[in-house]
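K.L.:
I have a structure here, written as structure tokens, and I will follow up with some questions on it.
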Amino acid sequence: MSNAFIAFQKNDESRCIVEAILEDNPGAMVDDQPSMVKIDVPNRLVIKRETVEEKMGRSFDLQELQLHLITISGNLDETDDEFTLSWNS
Amino acid sequence: MDMKVAKKLGLKERYSLMTRDLAWDTTYQPMDKVFPQTTYEGIKIHDWDKWEDPFRLTMDAYWKYQSEKERKLYAILDGFNQNNGHLSVTDARYINVLKLFLGSTPPLELMAARGFSMMGRQMNGAGPRVACQMQAVDEYRHFQTQIHSISNYNKYYNGMDEFAHQQSRMWYLSDGKSFFDDAITAGPFEFMVAIGFAFEYVLTNILFVPFISGAAYNGDMAAMTVGFSAQSDEARHMTLGLECIKFMLEQDPDNLPIVQRWIDKWTWRGTRKLASVGMMMDYMLPKRIMSFKEAWEMYVEENGGALFKDLARYGITIPKCFSQTIEEKEHVSHQSWIGFYMKPQATPFHTWIPTPDEMDWLSEKYPNTFDKYYRPVLEFFDAQEKAGNRFDNKTAPMNCQVCVSTMKFNEPGDPMEMCFRESIYKGEKFHTCSDHCKEIFDNEPEKYSQTFISSHQVLQGNCEPDGTDVNAPDFKPGQNMLDYWKLDKRALGDFNGSEDQKNFAAWREQATKN
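Those protein sequences? They're chains A and B, same order as listed. Position 41, counted from 1, in the first sequence is what my numbering calls 1035; the numbers after and before it change by one each time, with no gaps. Position 255, counted from 1, in the second sequence is what my numbering calls 279; the numbers after and before it change by one each time, with no gaps.
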């Protein structure tokens, strides 16, 4: 099974996004590197708008992820509510 | 009175209305005449509407987020420049990695901007046309922001000002130039595999992720912010490349062998281009976060492996070169650094022998190869330098006809033997650095027999500064290379004793005392 992953620049917004990912993806692994953070999840990683909004305490548009993203791995599917990366293997 | 509030459109609807819905099929001229480039490579497309952009980014959202990224970037650059940023890096040796980056990367971003502008015109479907146009704008942004972020260093340190002149002339910049020249002169679908897959998925994941994280670790806020800002666009670019591959494979089973050959070819070309990034990570960052080998395992072996496994459902197999790239990950960064160390009079950046601590780090990270093959060479050079005999190889290198890397890689399975291959085409002999480059040459010999290799062309009098009379009786080729390259002489030679080294020490002293 391959890992889907996503990496963000470290800042206050991405801290909330990472917290949301950890809550919604059991088995998520955090790799803390200088000025960036990478999260790996076996096979499928999902970011849920609602959870991010809860962590941030404000409404959040998933396309705002663009501002903090560094890299992704996996086939992407994005809707208004979920940003999903997954591998078919 | 009840008010009926229109429900906000969903992402999918918005994307469809703002891209595909705004496109039309031409009627005055048939579509295949308007888009003549998308058939000659043999790729068969039956329904362009099947192309999905999973980011579903519309042009209005694109401008909104990109302008926000730019505002952040330039605010950080201002802070960096106003706060003695040129002195905040760990060690003056670090600045040399920026000199190499400046020569090798922004000019390629510009080529990518040109390439994706062409793709934005050539692709039949509205989905890929919009995505390619966004990518063209992104690449132009990267080209500009990289130059802006490094320009502050150019005020203080040597060897940066002629990078644009050097791009198409310097021996060591030819590998990147040839990568893009090769891609942009191919058809549109091959270009998408070359840049969207090999460059974005294989290369930038190492250059802009662990290398840039390393730049941040070394106190370079300018490179950190510009690198991550660029890479935030690359996530979209990788997705575009991946979608293009899936689209071709889903459209027609006849596309499979063509796509497989491109994946094989461009995985190898990307691998060769990465050798110098390996050296930047292992040798040029005074503080290191991970070795090139570790980065390779994370971003290429595991991540590339995941992609190939995913594409197996279409019949794609792991590229033939993959096992060789895994063997080479323990060698290429050392071979590259030694290659550059040997040419102190031919690059606008300095080289040096790693300190004993740094060599120990390399031994730990490369337990199978460093002590056995590379430490003895570096220690020998070190002893020679201390005895006043700093190594200086004055001969012109020999380059591979395909990847245009200097010949320095080893025979597979035998690190003590240098690898050469040759092919005959129209009665002429052409040299390549590996089985995979030879295969690429043999597949398209008419293309690669025309590669411009400056270290070969110089012998024909084709690399001389303006005004040189190559027909004069006393003309000797290659006597004026420094002028041809416009190399700043202060930027030549070993780091030890360089002007940059002295200035950095003196200015840092001034910055911390009255």
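Quick reminder that beta carbons are idealized off the backbone N, C-alpha and C, glycines included.
Enumerate in chain order the residues of its own chain whose CB-to-CB distance from B:ALA222 is below 7 Å, with the five nearest sequence positions on each side excluded.
P.N.:
Here residue 222 of chain B is taken as the residue at index 198 of the second sequence, counted from 1. Here the set comprises TRP290, THR291, ARG293, GLY294.
K.L.:
Leaving aside the five residues before and after B:PHE187 along the sequence, list all residues of the same chain whose C-beta is less than 7 Å from its C-beta, in chain order.
P.N.:
Mapped onto the second sequence, residue 187 of chain B falls at position 163. These residues qualify, in order along the chain: LEU126, GLY127.
K.L.:
Identify every residue that forms a DSSP beta bridge with B:HIS455.
P.N.:
For this step, residue 455 of chain B is matched to residue 431 along the second sequence. Bridge partners of B:HIS455: B:GLU446.
K.L.:
May I ask you to list, following chain order, the residues of the stretch 214-235 of chain B that have a beta carbon less than 7 Å from some beta carbon of chain A?
P.N.:
So the list reads ASN229, VAL233, given in the order they occur along the chain.
K.L.:
Can you find a C-beta in chain A that's less than 8 Å from the C-beta of B:MET248?
P.N.:
Counted from its first residue, the second sequence places residue 248 of chain B at position 224. With 8 Å as the cut-off, B:MET248 counts as an interface residue toward chain A.
K.L.:
Could you give the residue range of the alpha helix (DSSP H) that holds A:GLU1072?
P.N.:
Against the first sequence, residue 1072 of chain A aligns to sequence position 78. Unbroken run through A:GLU1072 is the beta strand (DSSP E), 1069-1072; no alpha helix (DSSP H).
K.L.:
Below 6 Å CB to CB, which residues in the same chain sit around B:LYS311 once its five sequence neighbours on both sides are set aside?
P.N.:
Locating residue 311 of chain B in the second sequence gives position 287, counting from the first residue. THR114, TYR241, ASN242.
K.L.:
Compare the beta carbon distance of A:LYS1049 and A:ALA1001 with 8 Å and say whether it is the shorter of the two.
P.N.:
For this step, residue 1049 of chain A is matched to residue 55 along the first sequence. For this step, residue 1001 of chain A is matched to residue 7 along the first sequence. The answer is no: Cβ separation not under 8 Å.
K.L.:
Using a Cβ-Cβ cutoff of less than 6 Å, which residues in the same chain neighbour B:ALA515 once the five nearest sequence positions on both sides are dropped?
P.N.:
Reading the second sequence from its first residue, position 491 is the one you call residue 515 of chain B. ASN182, GLY183, PRO372.
K.L.:
Give a yes or no on contact between the stretch 228-239 of chain B and the stretch 273-280 of chain B, applying the rule of three or more CB pairs nearer than 8 Å.
P.N.:
no
K.L.:
Is the Cβ of B:ASP115 closer than 8 Å to any Cβ of chain D?
P.N.:
The chain inventory of the structure shown lacks chain D, comprising the protein chains A and B.
K.L.:
May I have the straight-line CA-CA distance separating B:GLY328 from B:VAL226, to the nearest angstrom?
P.N.:
The residue given as residue 328 of chain B occupies position 304 in the second sequence. The residue given as residue 226 of chain B occupies position 202 in the second sequence. Roughly 7 Å separates the two Cα atoms.
K.L.:
DSSP state of A:THR1065, grouped into three classes?
P.N.:
As a first step, residue 1065 of chain A must be located in the first sequence, where it is residue number 71. Three-state result, A:THR1065: strand.
K.L.:
Taking all protein chains shown into account, do 16 or more other C-beta atoms lie within 10 angstroms of the C-beta of B:VAL356, making it buried, or fewer, making it exposed?
P.N.:
The residue you call residue 356 of chain B lines up with position 332 of the second sequence. The residue is buried, with at least 16 neighbouring Cβ atoms inside 10 Å.
K.L.:
How many angstroms separate the CA atom of B:VAL482 from the CA atom of B:ALA535?
P.N.:
Looking up residue 482 of chain B in the second sequence gives position 458. Looking up residue 535 of chain B in the second sequence gives position 511. Taking the straight line from one Cα to the other gives about 46 Å.
K.L.:
Can you give me the C-alpha to C-alpha distance between B:TYR307 and B:GLU382, rounded to a whole angstrom?
P.N.:
Here residue 307 of chain B refers to the residue found at position 283 when the second sequence is read from its first residue. Here residue 382 of chain B refers to the residue found at position 358 when the second sequence is read from its first residue. For B:TYR307 and B:GLU382, the distance between alpha carbons rounds to 8 Å.
K.L.:
Name, going along the chain, the residues of the stretch 1000-1032 of chain A whose beta-carbon falls closer than 7 Å to a beta-carbon of chain B.
P.N.:
ALA1001, GLN1003, GLN1027, PRO1028, SER1029, MET1030
K.L.:
Between the beta-carbon of B:ALA137 and the beta-carbon of B:PHE104, is there less than 8 Å?
P.N.:
Start at 1 with the first residue of the second sequence, and residue 137 of chain B comes out as number 113. Start at 1 with the first residue of the second sequence, and residue 104 of chain B comes out as number 80. No; because the gap between Cβ atoms is not below 8 Å, this pair is not in contact.
K.L.:
For the stretch 123-193 of chain B, list the alpha helix (DSSP H) runs that are entirely contained and at least 4 residues long, ordered along the chain.
P.N.:
130-146, 150-178, 187-191
K.L.:
Buried or exposed for B:ALA407, please, with buried defined as at least 16 other CB atoms from any protein chain shown within 10 angstroms of its CB.
P.N.:
Translated into positions along the second sequence, residue 407 of chain B becomes position 383. Exposed, since its Cβ has fewer than 16 Cβ neighbours within 10 Å.
K.L.:
Buried or exposed: which applies to B:ILE448, given that a residue is buried once 16 or more other Cβ atoms fall within 10 Å of its Cβ?
P.N.:
Here residue 448 of chain B corresponds to residue number 424 of the second sequence, with the count starting at 1. So B:ILE448 counts as exposed.
K.L.:
What number of angstroms, rounded off, separates the C-alpha of B:ALA247 from the C-alpha of B:ALA239?
P.N.:
Residue numbering aside, residue 247 of chain B sits at position 223 when the second sequence is read from its first letter. Residue numbering aside, residue 239 of chain B sits at position 215 when the second sequence is read from its first letter. Rounded to the nearest angstrom, the two C-alpha atoms are 6 Å apart.
K.L.:
Taking 8 Å as the CB-CB cut-off, is A:SER1067 touching chain B?
P.N.:
As a working note, residue 1067 of chain A is residue 73 in the first sequence. Closer than 8 Å to some Cβ of chain B, the Cβ of A:SER1067 qualifies, so yes.
K.L.:
Taking the CB atoms as reference points, tell me whether A:ASP1018 and A:ASP1025 lie closer together than 8 Å.
P.N.:
Translated into the one-based positions of the first sequence, residue 1018 of chain A becomes position 24. Translated into the one-based positions of the first sequence, residue 1025 of chain A becomes position 31. Taking 8 Å as the Cβ cut-off, A:ASP1018 and A:ASP1025 do not qualify as a contacting pair.
K.L.:
With respect to 7 Å, is the separation between the Cβ of B:LEU35 and the closest non-hydrogen atom of the ligand GDP below this value?
P.N.:
Absent from the structure shown: the ligand GDP. Ligands present: none.
K.L.:
Figure out for me which residue from B:ASN176, B:GLY139, B:GLN190 has the closest Cα to the Cα of B:PHE204.
P.N.:
As a first step, residue 204 of chain B must be located in the second sequence, where it is residue number 180. Cα-wise, what sits closest to B:PHE204 is B:GLY139.
K.L.:
Would you tell me roughly how many angstroms separate the C-alpha atoms of B:GLN474 and A:ALA1014, rounded to the nearest one?
P.N.:
Here the question's residue 474 of chain B lines up with position 450 in the second sequence. Here the question's residue 1014 of chain A lines up with position 20 in the first sequence. Computed Cα separation, rounded: 54 Å.
K.L.:
Do you know offhand how far B:MET505's Cα is from B:VAL494's?
P.N.:
Within the second sequence, residue 505 of chain B is the residue found at index 481, counting from 1. Within the second sequence, residue 494 of chain B is the residue found at index 470, counting from 1. Whole-angstrom Cα-Cα distance: 14 Å.
K.L.:
Once you ignore the five residues that flank B:ILE477 on each side, which residues in its own chain have a CB closer than 7 Å to its CB?
P.N.:
Walking along the second sequence from the start, residue 477 of chain B turns up at place 453. Closer than 7 Å at Cβ, skipping near neighbours: SER198, ASN423, VAL428.
K.L.:
In terms of alpha-carbon separation, which member of B:TRP531, B:GLU446, B:GLY451, B:PRO281 lies closest to B:PHE465?
P.N.:
Start at 1 with the first residue of the second sequence, and residue 465 of chain B comes out as number 441. Of the listed residues, the one whose Cα sits closest to B:PHE465 is B:GLU446.
K.L.:
Let's see if you can read the secondary structure: which residues bound the beta strand (DSSP E) around B:MET539?
P.N.:
It is not possible to answer for residue 539 of chain B, since the shown part of chain B is limited to 25 through 538.
K.L.:
Going by beta-carbon coordinates alone, are B:GLY149 and B:ASP73 separated by less than 8 Å?
P.N.:
Taking the second sequence and counting its residues from 1, the one referred to as residue 149 of chain B is at position 125. Taking the second sequence and counting its residues from 1, the one referred to as residue 73 of chain B is at position 49. In this structure, B:ASP73 lies closer than 8 Å to B:GLY149 by Cβ.
K.L.:
Which of the three DSSP states, helix, strand or coil, is assigned to A:PRO1036?
P.N.:
Taking the first residue of the first sequence as 1, we reach residue 1036 of chain A at position 42. A:PRO1036 falls in the strand class under three-state DSSP.
K.L.:
Does A:LEU1061 get closer than 8 Å to chain B when you measure Cβ to Cβ?
P.N.:
As a working note, residue 1061 of chain A is residue 67 in the first sequence. Yes, its Cβ sits closer than 8 Å to a Cβ of chain B.
K.L.:
If you reduce the DSSP assignment to three classes, tell me which class B:GLU354 lands in.
P.N.:
For the purposes of this step, residue 354 of chain B is taken as residue 330 along the second sequence, with counting starting at 1. Residue state for B:GLU354 is assigned as coil, using DSSP reduced to three classes.
K.L.:
B:PHE433 by DSSP, collapsed to three states: which one?
P.N.:
As a first step, residue 433 of chain B is located in the second sequence; it is residue number 409 there, counting from the start. In the structure shown, B:PHE433 sits in coil (DSSP, three-state: anything other than H, G, I, E or B).
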